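K.L.:
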Amino acid sequence: MGSKMSRPNRSSSTRHPPPPPPPAAAEPPARTISNPNFTSNSDSHTINPSDADLRSYEDACRADPDLQTFDSTLQLRTSRAINSIAVGLEVRSLSLDSLREVTECLLEMNQDVVKIILQNKKDIWKNQELSDLVDDYFENSLLTLDFCTALDACLKRAGHIESIINVALRKFDEEHCTVAGEGSAKNYSRTLEELRNFRLAADPFTQEFFRVFSSVHSKQITMLERLQAKKKKLDKQLGKLKVWRKVSNVMFIVTFASVLICSVVAAAVTAPPVVTALAAAAAVPLGPMGRWLNSLWKKCERDLRGQRI
Numbered sequence: 001m002g003s004k005m006s007r008p009n010r011s012s013s014t015r016h017p018p019p020p021p022p023p024a025a026a027e028p029p030a031r032t033i034s035n036p037n038f039t040s041n042s043d044s045h046t047i048n049p050s051d052a053d054l055r056s057y058e059d060a061c062r063a064d065p066d067l068q069t070f071d072s073t074l075q076l077r078t079s080r081a082i083n084s085i086a087v088g089l090e091v092r093s094l095s096l097d098s099l100r101e102v103t104e105c106l107l108e109m110n111q112d113v114v115k116i117i118l119q120n121k122k123d124i125w126k127n128q129e130l131s132d133l134v135d136d137y138f139e140n141s142l143l144t145l146d147f148c149t150a151l152d153a154c155l156k157r158a159g160h161i162e163s164i165i166n167v168a169l170r171k172f173d174e175e176h177c178t179v180a181g182e183g184s185a186k187n188y189s190r191t192l193e194e195l196r197n198f199r200l201a202a203d204p205f206t207q208e209f210f211r212v213f214s215s216v217h218s219k220q221i222t223m224l225e226r227l228q229a230k231k232k233k234l235d236k237q238l239g240k241l242k243v244w245r246k247v248s249n250v251m252f253i254v255t256f257a258s259v260l261i262c263s264v265v266a267a268a269v270t271a272p273p274v275v276t277a278l279a280a281a282a283a284v285p286l287g288p289m290g291r292w293l294n295s296l297w298k299k300c301e302r303d304l305r306g307q308r309i
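Counting in UniProt numbering, the final residue of the sequence shown is number 309, and the numbers go up one at a time with none missing.
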């Protein structure tokens, strides 16, 4: 289903004049995917990956061709998600297609990390701290899946509402093209009935959806903070053990990317101009993913502070 709802194209050769809009009294209010009461919880956290964290990731990328491929794919997906939000952005709203893109990106990134974990599970379980870190990551992934499930339910409800609008448009065309009796006004009763159904339909993006999103965003940030703290200790312990370094680094960088993407979704609701500027910055490659993500995160924080002044 497309994110924009439009009436079917009609042949330019039709003999009927363009139909007027439905009666004003029955015109439903505009619907947007937004929540004016939604606020991000990220202000209570400080995300500032250290140079050591970023250097550790970049060193691991240089030493591991598989990680280089992972890095390139992750950067492409993150950039695609941010750009889709910016392209489809309207004032204080998000397109359905943009939300689908975000969901797909989060799921694909998580699947890539799970593949790496499963490929190296024997080595992971040899280190208790790394094993605990993986458990934390999986727990966080379940929360992300909860968000995706809630979003899927919202999209299905939005699809139902779109079908009501399409039926109303079809009825309107039919009733407009019907020849009225002499001295009689056109009858738009069936159109009005469908528009009443539209009024009765609940907003597809419920408060529960925004509650789940806000919770996931906040816990993603908390997870990143825990990853940073544990990763520093692990880096000292693991030294040059390639497998363990790879696993800890991919979890760190994917969680960082997830936090950024969720922050962009929140900014799209509260500060749309920030998203447009961020999408432009995301188009500029800065080498490995760590440096690129850190640059975007700092720009996002800086621009959001500027919006509040």
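We treat Cβ as the ideally placed atom computed from N, Cα and C, and that holds for glycine.
Quantities reported herein were computed from a predicted structural model and do not represent experimental measurements.
(1) Below 7 Å CB to CB, which residues in the same chain sit around residue 125 once its five sequence neighbours on both sides are set aside?
(2) Does residue 125 come out as helix, strand or coil in the three-state DSSP assignment?
(3) Does DSSP classify residue 204 as helix, strand or coil?
(4) At what residues does the alpha helix (DSSP H) containing residue 115 begin and finish?
(5) Given this structure, state the Cα-to-Cα distance separating residue 112 from residue 296, to the nearest angstrom.
(6) I need the DSSP call for residue 241, collapsed to helix, strand or coil.
(7) Check for me: the alpha helix (DSSP H) holding residue 64 runs from which residue to which?
(8) Answer yes or no: do residue 194 and residue 219 have a C-beta to C-beta separation smaller than 7 Å?
(9) Identify, in the order they occur along the chain, each residue of the same chain with its Cβ nearer than 6 Å to the Cβ of residue 103, setting aside the five sequence neighbours on each side.
(10) Can you give the Cα-Cα distance for residue 96 and residue 60, rounded to whole angstroms?
(11) Quick test of your reading: residue 316 and residue 140, contact by CB under 8 Å. State the CB separation rounded to the nearest angstrom.
(12) State buried or exposed for residue 127, treating a residue as buried only when at least 16 other CB atoms are found within 10 Å of its CB.
(13) Using only the alpha-carbon positions, how far apart do residue 66 and residue 136 sit?
(14) Are there three or more Cβ pairs, one per stretch, closer than 8 Å when the segment 195-214 is compared with the segment 154-169?
(15) How would you call residue 101, buried or exposed, if buried means at least 16 neighbouring beta carbons within 10 angstroms?
(16) Which of the three DSSP states is assigned to residue 137 in this structure?
(17) For residue 228, which of 122, 169, 256 has the nearest alpha-carbon?
(18) If you drop the 5 nearest sequence neighbours on each side, which residues of the same chain put their C-beta closer than 6 Å to that of residue 232?
(19) Buried or exposed for residue 22, please, with buried defined as at least 16 other CB atoms from any protein chain shown within 10 angstroms of its CB.
(20) Apply the 10 Å Cβ neighbour rule to residue 177 and answer buried if 16 or more other Cβ atoms are within range, or exposed otherwise.
P.N.:
Result, derived from the coordinates:
(1) Around residue 125: 131.
(2) coil
(3) The answer is coil: DSSP assigns residue 204 none of H, G, I, E or B.
(4) Counted as a single uninterrupted DSSP element, the alpha helix (DSSP H) harbouring residue 115 occupies residues 96-119.
(5) 22 Å
(6) coil
(7) First-last for residue 64: undefined, no H or E at that position.
(8) no
(9) Here the set comprises 148, 151.
(10) Approximately 37 Å, taken between the alpha carbons.
(11) There is simply no residue 316 to check, as the chain begins at 1 and stops at 309 in what is shown.
(12) buried
(13) So the two alpha carbons sit approximately 24 Å from each other.
(14) Yes, the segment 195-214 touches the segment 154-169.
(15) By the neighbour-count rule (16 or more Cβ atoms within 10 Å), residue 101 is buried.
(16) Assignment of residue 137 by DSSP, reduced to helix, strand and coil, places it in the helix class.
(17) 256
(18) none
(19) Only weak support is given to the placement of residue 22: the predicted model assigns it a pLDDT of 43, under 50, and the value that follows is read from those uncertain coordinates. Under this definition residue 22 is a buried residue.
(20) exposed
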